[in-house]
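To get the working numbering, take the position in the sequence shown, counting from 1, and add 5. Even glycine gets a Cβ: it sits at the ideal position worked out from N, Cα and C.
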Amino acid sequence: MHIVDMRLRPPLKTWVGKLQFTRGDDYYRNLGYERPASTRTQSMADLLREMDDAGVQWGVIMGRQSEEPLGVIPNDEIAACVEQHPDRFVGWVGLDLSQPIHWCLEEIDRCLKTPGFKGVSIEPPISKDPTIHSPADRRLYPIYEECVRRGVPINITLSAQLQARLGRPYEDSSPIPLFQVAKDFPKLVIHVAHAAWPYVMDMIGVGFVCPNVWLSPDQYMVKRLPGAEEYVKAVRNYFYDRACFGTAYPSRPHKHMVREYQELGFTSEVFDKVMSKNALRLMNMA
């Protein structure tokens with residue numbers, strides 16, 4: 006089985022100065038983990054060794070074009086990483102929602118011509134344009150139309166922790182607006198990074214009635230975290246074909262996260278889907 010990590014931030018030049026890489030040992034110790042060596046050395050070789058040790062074949066680099074301190078990771082930097090490691094990483098195009106819509110569509114076209122880009126990623130709640138904070142904002146609809154036209158999935162990142170860093174409204178991470186998007190675009194495949202934690206039941210409810218919505222609870226589907234049991238129950242019984250594994254590295258170490266998912270009690274069939282098969286199918290890599 007080739008495990009796919011649906012949310013991995015490698016030590017790219019622009020990324021290593023961000024919060025995720027500058028946290029100290031205490032952050033990991035408080036979570037019960039050892040700090041990954043690669044976060045200290047900021048070495049791609051060390052990261053690849055850690056992925057190998059955990060059995061992770063693919064890392065998905067979601068583009069980010071958001072407000073500081075979360076900031077921007079240039080799509081060209083992602084493309085260079087994918088080009089250097091074509092058998093280990095794939096990218097999703099990050100869009101700056103403060104730009105005119107024609108820029109977003111041109112960026113999608115430009116990046117999808119580059120081998121290794123498999124989808125598009127937006128983060129409305131932490132957009133550089135604070136007036137765009139909901140995935141149901143009609144100004145985003147041309148982006149969804151373009152994804153449908155091209156047959157690529159879109160990632161929408163939702164988690165209250167993101168807004169907390171920017172002082173944005175807490176409720177912007179609610180997945181309820183996704184219901185309207187999913188209904189307006191039934192052919193659009195919507196992947197939700199962080200699975201809108203802590204709006205766990207709302208996220209499950211939207212996914213329950215919208216078969217084009219996929220969940221990646223990533224770091225929030227571990228036993229110690231409130232709400233994780235509901236994600237697990239939903240994946241085990243309903244979303245086994247639409248749920249994906251993710252570590253949110255460097256926020257979590259690969260080996261520990263794989264072990265955490267192994268302990269969630271999935272059948273071997275469901276485990277294989279969550280850890281590998283679903284993600285490969287989502288990105289048309291199966």
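- Residues of the same chain with a CB within less than 6 Å of the CB of C249, apart from the 5 flanking positions on each side, are M11, S221, N283, A284 in chain order.
- Here M6 carries a coil assignment [DSSP, helix/strand/coil].
- Cβ-Cβ separation between P147 and L110: approximately 6 Å, consistent with a contact (criterion under 8 Å).
- One thing to note: D30 has its Cβ within 9 Å of the Cβ of R40.
- Secondary structure of G156 (DSSP, three-state): coil.
- By the C-beta criterion, the segment 81-95 is judged not to be in contact with the segment 125-134, since fewer than 3 inter-stretch pairs fall below 8 Å.
- Scanning its chain for C-beta atoms nearer than 6 Å, with the 5 sequence neighbours on each side dropped, one finds around E235 the residues V205, in chain order.
- M67: not part of any alpha helix (DSSP H); member of the beta strand (DSSP E) spanning 61-67, first to last residue.
- If the five residues before and after V275 are omitted, its C-beta is found closer than 8 Å to the C-beta atoms of V240, R241, Y245, all from its own chain and listed in chain order.
- Contact annotation: L163 and S178 have beta-carbon atoms nearer than 9 Å.
- Assigned with DSSP and collapsed to three states, V194 falls in coil, not helix or strand.
- If you draw a 10 Å sphere on the C-beta of R69, you find 16 or more other C-beta atoms in it, and that means buried.
- In the structure shown, Q47 adopts coil according to DSSP, grouped into three states.
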